[in-house]
Amino acid sequence: MAKQYDVLFRLLLIGDSGVGKTCLLCRFTDNEFHPSHISTIGVDFKMKTIDVDGIKVRIQIWDTAGQERYQTITKQYYRRAQGIFLVYDITSERSYQHIMKWASDVDEYAPDGVQKILIGNKADEEHKRQVGKHQGMKLAEEYGMDFYETSACTNYNIKESFTRLTELVLMAHRKELDGLRLASNDELNLAELEEDGRKADGTANSKSCWC
Amino acid sequence: MARSPGEGSVSPSASLRGTRETLSDPELESLGSDSEINGFTAERKTDKYGFLIKTEENGGREEELSVDVLRQREAKWLDMLFNWDKWMAKRHKKIKLRCQKGIPPSLRGRAWQYLSGSRVKMDQNPNKFTELDSMAGDPKWVDIIERDLHRQFPFHEMFVARGGHGQQDLFRVLKAYTLYRPDEGYCQAQAPIAAVLLMHMPAEQAFWCLVQICEKYLPGYYSEKLEAIQLDGRILFSLLRKVSAVAYKHLSKQKIDPILYMTEWFMCAFSRTLPWSSVLRVWDMFFCEGNFVCH
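This is the structure we're talking about:
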């Protein structure tokens with residue numbers, strides 16, 4: 001059987017309730033946008049394989065409930081992520097203010113080398129905007145993150161932001177990936193390697209069934 | 212991770228994809244915000260539970276009870292409801308048996324109130340809901356509740372309209388609960404629970420039923436640290452080990468923690484997970500026997 005991907009890793013979506021995390025994910029994985037959908041209770045995930053510089057990357061994207069009390073549950077998944085989207089809603093000043101809290105949680109619970117990116121979603125709702133684009137850029141700069149304004153509704157910057165975070169994770173794991181090229185018949189499961197705390201030697205063959 | 216029902220028992224795949232499915236039919240979408248508030252009832256098809264049917268679907272294929280059987284059951288249930296205390300004291304087994312057969316749809320809302328004891332609680336606190344209803348809620352809770360109103364059963368006719376009666380009542384019930392139990396406040400999983408109740412009874416009755424669920428049936432499920440749900444997740448997993456060691460081993464190996472799949476099942480009492488006809492039957496037994504039917 002031909003291998004389906006070269007590398008597997010996990011991304012995580014966090015941010016206040018109602019900022020559009022689930023919609024971002026649906027747009028990216030299924031290219032769908034549903035004005036009518038249900039709130040996320042607990043944790044959910046979707047998968048997608050994309051091609052980055054000739055590397056087939058299988059990403060598993062975890063979607064989390066935004067309400068504060070679910071964090072006792074969702075925090076347990078921070079440590080399993082290689083990349084994290086911090087999402088706010090440009091029509092909600094409060095969701096932007098809360099990014100600070102989300103970022104400090106990431107510092108506390110996520111693994112050290114985790115890649116982060118800041119997202120200001122609902123960019124199509126210009127008439128309701130409460131957070132300027134420059135504010136988003138400034139905050140991202142302070143945290144040393146990349147920044148995108150996105151709209152799941154109009155499909156604006158969705159692919160770009162997901163691809164960017166994927167690239168950042170790939171770059172952060174370049175060493176393991178170079179090893180991969182040598183032993184190109186194997187899949188590299190970054191998620192598993194990180195979790196088990198093993199040192200990657202490039203010949204990892206921990207093929208797992210996530211389907 | 213199955214997502215919510217809504218289409219009754221159309222087909223397994225349809226019911227699994229559930230409410231996340233798009234309302235791509237422009238006719239349905241245009242029904243949008245104000246048709247319900249204005250009392251304008253555009254022509255739209257629903258199944259017998261009130262969920263919108265997309266035109267190409269043929270509705271449920273459930274086995275229907277004959278009218279005679281249904282009438283007989285209704286008569287039996289009416290007798291029980293009129294003499295509830297006597298039945299509870301002396302013939303509880305019979306009540307349970309009748310719940311197992313399924314409560315007749317026309318009496319389901321009333322039966323749930325009697326089974327849960329919410330009826331008694333409401334009668335003991337005659338003006339409480341009106342009082343809570345007239346109070347302003349804590350902005351912290353009001354804000355998050357408002358963001359959830361249009362995200363509960365969006366394909367049910369009661370909740371399809373933004374700001375419609377269903378969503379208004381949902382707000383009243385959830386806000387009242389945050390005032391009734393300010394120590395607990397609002398948990399997002401309470402919204403689908405309250406919505407299911409509102410499909411069967413008015414706001415005040417739904418409020419007291421919600422109180423019973425949160426305090427008696429699922430204590431601690433919705434409170435600040437969500438400890439109860441995490442504990443139940445571990446219990447479920449150890450039960451799985453006994454029942455199916457193979458499944459247990461596989462899930463363990465793949466690091467699929469119970470909290471990943473059971474959170475929504477349990478916190479929403481399966482209302483988003485099972486085909487709708489099954490949700491109602493599970494809830495009949497849930498009210499009759501308590502949480503362990505879900506375990």
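One line per chain: the protein sequences are R and P, in this order.
For the first sequence, the numbering used here gives the first residue as 1, with consecutive numbering after it.
For the second sequence, the numbering used here gives the first residue as 212, with consecutive numbering after it.
Think of the CB as a built atom: it goes at the ideal place given N, C-alpha and C, for glycine as much as any other residue.
Just so it is clear, the structure is predicted and the values come from calculations on it, not from any experiment.
Item checked: Close Cβ partners of Ala439 of chain P (< 8 Å) along its chain, the five nearest in sequence each way excluded -> Leu429, Pro430, Gly431 and Tyr432
Next item on the list: Tell me, please, whether the CB atom of Ser241 of chain P is closer than 7 Å to any CB atom in chain R?
Entry: Residue confidence for Ser241 of chain P is low, a pLDDT of 40 falling below 50, so the modelled location carries little weight; the figure read from the coordinates is stated next. By this cut-off, Ser241 of chain P is not an interface position.
Margin query: Assuming Lys56 of chain R and Thr29 of chain R are in contact, meaning their beta carbons sit under 8 Å apart, how far apart are those beta carbons, in whole angstroms?
Written below: Contact doesn't hold; Cβ gap of about 16 Å is too wide.
Next item on the list: For Gln115 of chain R, count neighbouring C-beta atoms within 10 Å of its own C-beta (all shown protein chains included) and say buried if the count is 16 or more, exposed if not.
Entry: buried
Check: So which residues of chain R does Leu437 of chain P contact, with C-beta pairs closer than 8 Å?
Finding: Arg69, Tyr70, Thr72 and Ile73
Check: Can a CB atom of chain R be found closer than 7 Å to the CB of Glu500 of chain P?
Finding: no
Check: For Thr166 of chain R, which three-state DSSP category applies?
Finding: helix
Notebook entry, point to check: Taking the C-alpha atoms as reference points, what is the distance between Gly144 of chain R and Tyr88 of chain R?
Noted result: 17 Å
Margin query: Please state whether the Cβ-Cβ distance between Ile59 of chain R and Leu11 of chain R is less than 7 Å.
Written below: yes
Check: Is there a Cβ from chain P that is less than 7 Å from the Cβ of Gly15 of chain R?
Finding: no
Note to self: For a cutoff of 7 Å on Cβ pairs, would you count Ala400 of chain P as touching chain R?
What the structure shows: yes
Notebook entry, point to check: How would you list, in chain order, the residues of chain P whose beta-carbon sits under 7 Å from the beta-carbon of Ile41 of chain R?
Noted result: Gln399, Ala400, Thr474, Glu475, Met478 and Cys479
Checklist line | Nearest to Phe481 of chain P (by Cα), restricted to the options P:Phe497, P:Lys466 and P:Arg319 | finding: P:Phe497
Check: Under the rule that 16 or more other beta-carbon atoms within 10 Å means buried, what is Asp51 of chain R, buried or exposed?
Finding: exposed
Checklist line | Cα-Cα separation, Leu8 of chain R to Gln82 of chain R | finding: 10 Å
Margin query: Nearest by alpha-carbon distance to Ile90 of chain R: which of R:Leu168, R:Gln135, R:Glu68 and R:Ala191 is it?
Written below: R:Gln135
Check: Taking three-plus beta-carbon pairs below 8 Å as touching, is the segment 139-154 of chain R in contact with the segment 16-34 of chain R?
Finding: yes
Note to self: Is it buried or exposed, Glu187 of chain R, if we count other Cβ atoms within 10 angstroms and call 16 or more buried?
What the structure shows: buried
Check: Is it the case that the Cβ atoms of Ile424 of chain P and Leu385 of chain P are separated by a distance below 7 Å?
Finding: no
Next item on the list: Using a Cβ-Cβ cut-off of less than 7 Å, give me the residues of the segment 51-68 of chain R that come near chain P, in sequence order.
Entry: Ala65 and Gln67
Checklist line | Beta-carbon proximity list for Cys398 of chain P, same chain, < 7 Å, skipping 5 on both sides | finding: Tyr433
Check: Roughly how many whole angstroms lie between the Cα atoms of Pro468 of chain P and Arg483 of chain P?
Finding: In the sequence on display, residue 468 of chain P carries Asp and not Pro. Taking the straight line joining both Cα atoms gives about 20 Å.
Check: Counting contacts by CB-CB distance shorter than 7 Å, is Gly83 of chain R in contact with chain P?
Finding: no
Item checked: Amino acids of chain R, ordered along the chain, whose beta-carbon sits closer than 8 Å to that of Leu385 of chain P -> Within chain R, no residue comes near Leu385 of chain P; the closest Cβ sits about 12 Å away, beyond 8 Å.
Notebook entry, point to check: Thinking C-alpha only, which one of P:Phe364, P:Ser277 and P:Gln324 is nearest Trp295 of chain P?
Noted result: P:Gln324
Next item on the list: Would you list the residues sitting across from Lys56 of chain R in a DSSP beta bridge?
Entry: R:Asp51
Check: With a cut-off of 7 Å, does the C-beta of Gly20 of chain R fall near any C-beta of chain P?
Finding: no
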